[in-house]
Each structure stands twice: as C-alpha cells, then as structure tokens.
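Enquirer: Chains as they are written, first to last, in the numbering used here: chain W, 1 to 278; chain X, 1001 to 1278; chain G, 2001 to 2278; chain U, 3001 to 3278.
Number of protein chains: 4
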Amino acid sequence: MPPHILRIDCPDEPGLVHKITGVLFNAGYNILSNQEFVDLDAKHFFMRTAFEGPTAPDRVVSYLQQILPADSVVKLVEAERQPIVILATTEAHCLGDLLIRHYSGELPAQIKAVVANHETLGDLVKPFGIPFHCVSHKDLDRAEHERRVLEVIDGYAPEYLVLAKYMRILTPSFVAHYRNRVINIHHSFLPAFIGAKPYHQAYERGVKIIGATAHIVTDDLDTGPIIAQNIIPVNHTYTAAAMVQAGRDAEKIALARAVRLMLDERVFLHGNRTVVFE
Amino acid sequence: MPPHILRIDCPDEPGLVHKITGVLFNAGYNILSNQEFVDLDAKHFFMRTAFEGPTAPDRVVSYLQQILPADSVVKLVEAERQPIVILATTEAHCLGDLLIRHYSGELPAQIKAVVANHETLGDLVKPFGIPFHCVSHKDLDRAEHERRVLEVIDGYAPEYLVLAKYMRILTPSFVAHYRNRVINIHHSFLPAFIGAKPYHQAYERGVKIIGATAHIVTDDLDTGPIIAQNIIPVNHTYTAAAMVQAGRDAEKIALARAVRLMLDERVFLHGNRTVVFE
Amino acid sequence: MPPHILRIDCPDEPGLVHKITGVLFNAGYNILSNQEFVDLDAKHFFMRTAFEGPTAPDRVVSYLQQILPADSVVKLVEAERQPIVILATTEAHCLGDLLIRHYSGELPAQIKAVVANHETLGDLVKPFGIPFHCVSHKDLDRAEHERRVLEVIDGYAPEYLVLAKYMRILTPSFVAHYRNRVINIHHSFLPAFIGAKPYHQAYERGVKIIGATAHIVTDDLDTGPIIAQNIIPVNHTYTAAAMVQAGRDAEKIALARAVRLMLDERVFLHGNRTVVFE
Amino acid sequence: MPPHILRIDCPDEPGLVHKITGVLFNAGYNILSNQEFVDLDAKHFFMRTAFEGPTAPDRVVSYLQQILPADSVVKLVEAERQPIVILATTEAHCLGDLLIRHYSGELPAQIKAVVANHETLGDLVKPFGIPFHCVSHKDLDRAEHERRVLEVIDGYAPEYLVLAKYMRILTPSFVAHYRNRVINIHHSFLPAFIGAKPYHQAYERGVKIIGATAHIVTDDLDTGPIIAQNIIPVNHTYTAAAMVQAGRDAEKIALARAVRLMLDERVFLHGNRTVVFE
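(1) Quick one: what does DSSP say U/H3093 is sitting in, helix, strand or coil?
(2) Pull up the distance between the alpha-carbon of X/R1101 and that of X/F1132, whole angstroms please.
(3) Could you tell me whether the segment 1067-1085 of chain X touches the segment 1151-1164 of chain X, using the rule of 3 or more Cβ pairs below 8 Å?
(4) Once the 5 residues before and after X/I1005 are set aside, which same chain residues still bring their CB inside 6 Å of it?
(5) Is the distance from the Cβ of X/Q1035 to the Cβ of W/Q229 below 9 Å?
(6) Under 7 Å between beta-carbons, which chain X residues line up against G/K2208? List them in chain order, please.
(7) Helix, strand or coil: which one does DSSP assign to W/E204?
(8) Flag this pair as yes or no: are the beta carbons of W/L269 and W/I216 separated by less than 9 Å?
(9) For W/M243, which of helix, strand or coil comes out of DSSP?
(10) Touch check for the segment 10-27 of chain W and the segment 48-67 of chain W: three-plus C-beta pairs under 8 Å?
(11) Compile a chain-ordered list of the residues in the segment 234-247 of chain W whose CB is closer than 8 Å to at least one CB of chain U.
(12) In whole angstroms, what is the alpha-carbon distance linking U/P3191 and U/D3219?
(13) What is the residue span of the beta strand (DSSP E) that U/D3009 lies within?
(14) Spatial neighbours of G/T2171 within its chain, please: CB distance less than 8 Å, with the 5 preceding and 5 following residues excluded, ordered by chain position.
(15) Under 9 Å between the Cβ atoms of W/I194 and W/A214?
(16) From the beta carbon of U/G3211, is the nearest beta carbon of chain G less than 9 Å away?
(17) Expressed to the nearest angstrom, what Euclidean distance is found between the alpha-carbon atoms of W/D154 and W/A70?
(18) Does W/T274 have its Cβ less than 9 Å from a Cβ in chain X?
(19) Extract the residue ranges of the alpha helix (DSSP H) inside the segment 37-65 of chain W, only unbroken runs of 4 or more that lie entirely within it.
(20) Are G/V2275 and X/H1236 close, meaning C-beta to C-beta below 9 Å?
(21) Do we get a CB-CB distance below 9 Å when we pair X/Y1103 with the residues of chain U?
(22) Threshold first: 3 residues or longer. Then list the beta strand (DSSP E) segments lying entirely within the segment 152-189 of chain W, N to C.
(23) Assign X/I1232 to one of three DSSP states: helix, strand, or coil.
(24) How is W/S104 classed by DSSP in three states: helix, strand or coil?
(25) Any C-beta of chain W within less than 7 Å: which residues of the segment 2075-2106 of chain G qualify?
(26) Since G/L2098 and G/I2111 are thought to touch, with beta carbons under 8 Å apart, how far apart are those beta carbons, to the nearest angstrom?
(27) Would you tell me roughly how many angstroms separate the C-alpha atoms of X/I1067 and W/V38, rounded to the nearest one?
(28) By how many angstroms is the C-alpha of X/E1106 removed from the C-alpha of U/V3115?
(29) Under 8 Å by Cβ, that's how I've got X/I1232 and X/A1246 pegged, so tell me the actual separation to the nearest angstrom.
(30) If we count the other Cβ atoms within 10 Å of its Cβ and call it buried at 16 or more, is G/D2139 buried or exposed?
(31) Cβ of X/V1017 within 9 Å of Cβ of W/V17?
(32) Which residues bound the beta strand (DSSP E) around X/T1218?
(33) Could you pull the start and end residues of the beta strand (DSSP E) that U/T3274 belongs to?
(34) Flag U/F3128 as yes if its beta-carbon sits less than 9 Å from any beta-carbon of chain W, otherwise no.
(35) So which of W/G224, W/S33, W/Y203, W/P127 has the shortest CA-CA distance to W/T239?
(36) Compute the beta-carbon to beta-carbon distance between U/V3234 and U/I3210, rounded to the nearest angstrom, for a pair I have assumed lies under 8 Å.
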C-alpha cells in the first residue's frame, strides 16, 4: 500500500502542526515523513505529510477543513502514479528521457499519451506502447489548434501536462483549463534570456554558465513560478550550436526533476514563487 | 531576542510530533521552524525546532523528558554565538576564511582563541583581536603535548573545537574529552584517499574531481561522521601541487559550512552518519 | 566534409609543435583547432589537431612518423561516426540515454548492435532499428560465454565497446582483444567504494555526495584510467535505494560524456591516467 | 626563473602556429605550454604560450610583429606577481579573501594598496602590512571624488584594479584611464538581475540558483565581458538576506578566480566576450 499524501497550505497561526498531527494521530495513522515551512513575512504555512494506516482517510480532509483557518487549502493525494500527458514538437531529448524513465519505472507517473504538432516523434513514442497524436497547427488559427489539442488531451483526463520542448505558446484560455498543472522546460537560466533563441543570446553575451528552468506555466510566457533549475559550464570554445547541444542535458535533467517533484506533490505555489519539499 | 533551539533525538513512536508541539503550544511558545526526520529502518526520530516566547523555556526540557521515550536526548540551546576554539598548524586558508567570516559577523560563533603547534600563524590571528597560543610539540611526547594543548583550550570553555588544518592526530583521550564536539576538515572526498597526501594519491589515480570532507572527529582517523562535502573539477593539466591549491577552496567552503551547521545545532549524529537539517 | 583528426603522442622535445604544424601547413591543410599538452615531469607530449583540406591526408602520417621521435604514436581519424557495440544487462537508464542521443543524432557514433546477457532490454532496443542480441551466460562457464559474446561483437567490427551497466566481469583475454577500446561506467566516485554495491557502501558511510565514474577497462576491475566523473548531492533522507535511483542520472551523463570524448578522439592514455582535450 | 608569457591576438590565417612556434624554436626557447583558439566565424586567432630560455626575449616581440598580420596584438609578460590595487567599500568578504590568499602566497599578484570610500575596512587591511587609503566621497561630486581616488591609485602604478565590492559607479573617464584593466564582481548571475539589489530581485523571482559574475568593467554598468561565473543553489527557506549571505561565497570564489586568470594573462577580450585559457 503506498502512503497517503496530505498537503496543507493556509494562513499561519500558533499550534497548526500540533492540531494537524493530532488529527492523524487520533485517527490511528502513522506519519512517515513530515515537512513544514512558514513564510514568516507572509505569515503563511505549508505542510506535506506522508502517512499510512488501515483505512481510507477521506474523513481526515473534511475534519481538517473544519478546524483549520478559513482560507486553508487541504488536499489528499493517494501516492500512486498520477496520469500525465506530454506535449512535444520535434526535439527528442526531453521526451525521450521521460519515456526511458517511465519504461524503467522510475517516474511517479503514468504517461497516458504524447501529443505533438509534428509527426516527427511518432516513431520514437509508439514502440513504448504509448499513444501518439499528431495535431498539426497547419492552416489553423491558434484557437482552433488549441481546441483540437485540448480535445485529445482531455480524453485522457491527465492530472498534469508536461511540455517537453513543445514550441507553441499557450493561450490564457488553455492555461486556465489546466491552471497550475502545466510544467514547462525553458532553455535558459531564467530570468536571463527570456524570449526566443536563448542559447544564441547566451552566446552573444559571452556567459560562462548556461542553464535550464522548469516552471509552472502561467499566462505570461517564461515568468511562471520556478520549480527546478540546472546549469552547465561552458567556455569560449562553445558556438551557439554547441551550447544548444550541451544545454539539452541541463534541460532534460531539470524537467525530469520538476516532473518528479510535482507528481510526488512536493511543490506548493506561493505567489510567483514555489515552496518545494525535497 | 534570538530564538530558542530544541533538539530531540529518540526512538520513534506514533504521535511524537503531536506531543512535542503540544508542549510548546500549551506553554505559549510560537514555533518559527520545525524539521523532523524518521529513519524508518532504524525506527529513530530526529527533530529540530526553533521557537520564541516571552519566558525562558527551561521547564520545557524537563517536561519533555517525562513524556518522551526513555532513551530520548533532549537539548535546548539558546541560539547565540557559541564559543569555539580553533586549532591550526601552518596553513592559512581555512583559518583565514573563518577569521574573515567572524570579522564580518557571519559566523554563528565566538572564536575565543586559536591554538597552533607552530608560531607561523600568530601574525595573522592577533590583529583580529583573538588570542593566539603556540603550543609547540617539539621535544614532547604526544600525551604531554596534548595535555598542554587541552590546558589552554579548557581555559576558554569552548562548546566546539574546529581543526582548521591542524596536522596532528588526536589521541582517543583527547577525542573523549570533547566527544562529538570536534570538527575536522579532511583534504579529500572521503572515503577516497584516506591517509597521508590525499592530493598526491588523487593525482596518481588520475581523478577528474577532487574534494574535501568536513566531519566529526572520532577515534579512527578520517572515518568520523560526515557533515559536509565539497568538490572541485580538475583535469590532466593539474599537477599534484595544483590540486593542493585548487583543493583549498573546497576545503575552506566545506569547513565553514560544517561549522555553521554544527553551531546552528542542525547536525545530529546517527551511528556513523549524520542527520543534517539545512 | 568532416575534418580530419590527427592524434600525436610522443616523448617531448623542443620544436614539436613547429614541426607538426609545418607538415600540415606545407601540405596545404588548414588547422581548425589545435590542443597540446606536455607532461613536464614525464617529459611526454600530446597533441590533437583538427584540420581540413582538399586531399586525403594519408601521407601526412607516414611523413610525421619519419620526423617525430622514435616512440611516437601518430593516428589519423576521419571524424565520422565511428562504429560501436553496446553491452548491457537489465538496467535501461544508460542504454536508453545512449539510444535517445543516437536517435537525435547527437552521438558521434553509429550503434551497430546491443548485446546483453538477458532478454530484458530487447523490447527497448529493437524499435530503434538496432540489432539486439541476447547471449545468455546461463549454464556456460565464463570463457565460453565470452567466446560467444565476442563472436557476435566481432561480426560488427566496432571501433569501441561501451559497457552500459553490463554486470559481468571481463576476463583479461576479452580486455586484450579490445585493448583500450572498452568504456565502462562504474556506479561510484572512484576510487571510493570499489567493488559490489557501491551505493549501499555510500549509504553506510553516510556520504553527502555520490558519484559515477566512466573509465577505460583494464584487467583490474574498477581501476582503469578515468575519462569522466560526475556527482550528485545527497543527504540523510536518501535510503540506499534512493541513492541508486539518484545515481542513475550521474551515471548516464558521465557515460555519455565519456563516449563522446572517446569517439571524438579527445582522450589519450597516459599511464593509468588520461589526457582529455575538451 | 619564472617562464615568459607570450600573448598573441590577430586575424586568422594559415600557418600562424607554425610561424610563431618557429620564432621561439629558432631562438632557442623551450615551450612549456601552448594554447590556441580560432574563432572560425570571426576568423580571429588567439594564442598564449609559456616558454623559458636563457636570454631575455624582448626581440621576440618585435620580430613577431613583423611577420604576423597587420592588426596583431603581441604582448610579452614576465610571469611575476603583477601589481594591483584593490577598491572596496564596507563589505569584507571579497577583500578579506584576497588578503588571505595574498598572505598565503597563492595569488599571482602584489597587492600594493587598498583604497576605500569608507574607513570601515582599514583595521582589516593594515595588519597585513598593506597601505589602506580612505578617500571619502562625502561632500564631493563624482568627478572630484574619482580624481582623488585616481591620484592615490596612480601613485602605485598598478597593472590591474580589482573592485572587491566597491559600491560606486565608475565614470567613462575612469574606465578609459584603466581601459580593460578593471575587474569587478557583480552579485548576480549576469545578465539576470542587472541593477540594484540583485539578491532581492532573485528572491522575488523565486529562483532556485543564485550566482555571481566577475567581469571586465566597461562604460555600461554590468555589461562588460564576463571572465568567470559561479553559482549556489538556494530554496524557499532562503530570505533575501539569507541569499545575500549565501551569495558571498559565490562572489569571493568567482572574483578570486577572475583575478588569478587575468593576472596569469589567460584572458583575451573578444568583442564583448572573453577567451579564457585555463
């Protein structure tokens, strides 16, 4: 039996940990791990608890909601492999890395499908026994393309979407549909090099370290809350093309890490920042 | 008013967090941060809590000792700058780094004195207004030298000792006198290259990364519980001497980090390992 | 046209760079990049030159051999994708990573085949259009198993072999057959934790950083010349199993890096060390 | 006898390495190390050679200037400890780190003096036997303050200036006076967080890695050619103040590295980028 995961996010007040752990203790559950954080400036409390016990803990949530502060967010997750859908375009490194991890059983997710706006990666995906859907954007306006993409995605009822180098900008309506559930990998060390061709910008600027940033997608491109970042040292011998290639390793490791953290329910949004219990 | 730090280390049992936080809550204290860890194999519980409140919490400890399991270790530390004595020989980089941090006020410690077995570093230490004692080992057997060193150290009643490249092996009797309170920096990525001249061993082996290890001193040389490790990439252009020099940065950063973690009471011994709440 | 790669490795003497570049200049070739290293203690010279020109440079080698010191090793490589065979057992992460890189065209190699002593990974390999051979060691003595493995490998005439978590110890006779052409990934930061179950050893020792080491295979297990190393920070929350999983990323990145360096002909053996021109 | 260092920077053309090494070989010099780089896009050649020999190599430069392309920059440096002056304000960590390295003899420089716009750091500097000058900016306009600072600096005839957290913006006239000879440390991972309070910006953005950038000072603040960068991982528990403190280690290591590289004459400017021969 996998453990239950309890996530709580509420205004801080004295005695919260005592109260919450009391509910679990009195109900006969055994806490396996417990992580808390208080933002002392914002006076906000975050907690993630993994616990086990003989019975289903549904009533724990409703009981907690009664005794916790009014604006509390309480979420109970059964720590199984949550369903995801991956979006991609033509680059294989991030998608391939996720497929191999899924194949090895090391990803806390079920990849239900891969949706791409090009046919390119179909041959890579299909042998893994995962459905591949090409929804071309050709001759479609953005709204119509997204409508078709969402139609495919929604059919799989994913808990999270992973943009594995999906080179299309999402509209606010798409983002709202999967609010705070879309994970993207940006190929720069944000907030440096926002926008197009970040490696070329990095090359022009002559940086000595390049990076990648996995973040939650919000309406503003490349400014969503950061989950994980990763860097690679470079030097004067790297052309922009060599940086693109070297950066792939930073990208795939950062994205896989973010996917794992999100699916393990270790990430809390906190304004435009994140609290990540590792 | 700095916060109070409560450290608890005991056999695991259900409800510990609820109990402990209840004691603090009922006594009117406000928890600032809370970190727990349960070793599920060893069934052992570790907790560090920073809390604040109007009155001195002395009674908290005695009360906790009554309600916690029999073998519990409960320690209350007032998070002020705890007194330390640094031991050194002739190398300046680790000692100098600690002196500058102390001067800048970024070290959670009061350096009461520096004791060395050579005169070399006296001119570096004295201008900082810190007593420097040279206790030469010349013409003395190990026991007599240590007796004289301890006499000087004990006069300062330090909470911790820091070996900042002190190139003398401590006897079990010395170690017992400051049991689990002596922090050493070893100039290799332990357990690689135990023993003498680790950088020369690393050069001979042709490694591509060198490291440094800060650890608690135990009777067995270089095998004490590890607090912090740090690495530096090297390549074929590094001679052994160049590795020695490059390694200095790894050493001083690892040692300073370990000193900060120990003095902030974030390190728990757990057999020959450590639990470090960062 | 890809550039020609010239590798020279000889006793040092004055004027070598002048002589060698003179040969290329006078023959009308254009040097694209040039890297040299002199081990001043061993008085040995290493050089790697990438150059281009209209005609095939075969005569360059024979001419250089006449004018260079007697024990010189001069090797000319056409920088195309050299053929390799990968050996594996049951773990997918290193093999899968190489397959994805190969698929993306970022590996300077042609993977001619994958040979394994278990059937497990066949389903992963075949969709990539790469032959998969299972040569079970069941009921065979080591010599006979190796004979059969070599028979398969030799049929592909690979330039290099890559052990992607191949969990069989190679005999000296096998190693001699592909002398200095077998790349292995060891799942520890060598020379720490030589031998079996390195992550479990690392867990027991309580290290704060784990690593992986890619090296050339020699007769002595885990002591061959190191090509690349990679590390991952860990802490007290990592069980040995969690270290195994975290270490996979260090392993696959280190192995891919070593494969790229070897196949780009950037690695020179130098006793039990390597000179790596990055 | 320390080796001679030859730096050459010129338009690329075939045969350059052959020509240059020929001059040294024919004059009887022995090359200790040799590093070249050709920017194939810009068609520009860079070379750094360390060599030794019985006689002073002054004529080497004039002879090379005759045979190299018209726009060549040829510089010969005797690899001794070049004179520097350090500028600071009130923070001790970068200055202190340089002082300790200087004291240990590991810095390839002679610190001739420290100039600050506050008295604060005088007590730290003087015991090292290094002159400390406070040139207050109080009641002075920028031009007059700089005039007085330059008067003090010029008296020491430094080869390079090091800004060790000197919190004053330099005018173009000051920069022109020490064109390409002023090394600054900026407390962010440039180009992220240009401008004031970069750690506070980093905190607000919720980054997971912070950094520091050592660069050559040009007229545009924070946009000069980058020499070295360094990073430190952070997480949600870091306040802006904690990032400031953690960042100090990244700053001092990056600055010391840049100072070493510059003084060892390993850095070439290349437009707004650098070629760094490590």
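Heads up, the beta-carbon is just placed ideally off N, CA and C, and yes, glycines get one too.
Expert: Based on what the coordinates show:
(1) helix
(2) 17 Å
(3) yes
(4) A1050, V1077, A1079, E1265
(5) no
(6) I1226, A1228, Q1229
(7) helix
(8) yes
(9) helix
(10) yes
(11) N235, H236, T237, T239
(12) 16 Å
(13) 3004-3011
(14) R2142, A2143, E2146
(15) no
(16) no
(17) 32 Å
(18) no
(19) none
(20) yes
(21) yes
(22) 160-163, 182-186
(23) strand
(24) helix
(25) A2092, H2093, G2096, D2097, I2100, Y2103, S2104, E2106
(26) 7 Å
(27) 27 Å
(28) 24 Å
(29) 5 Å
(30) exposed
(31) yes
(32) Looking at the DSSP string, X/T1218 is not in any beta strand (DSSP E), and its letter there is neither H nor E.
(33) 3273-3276
(34) no
(35) W/Y203
(36) 5 Å
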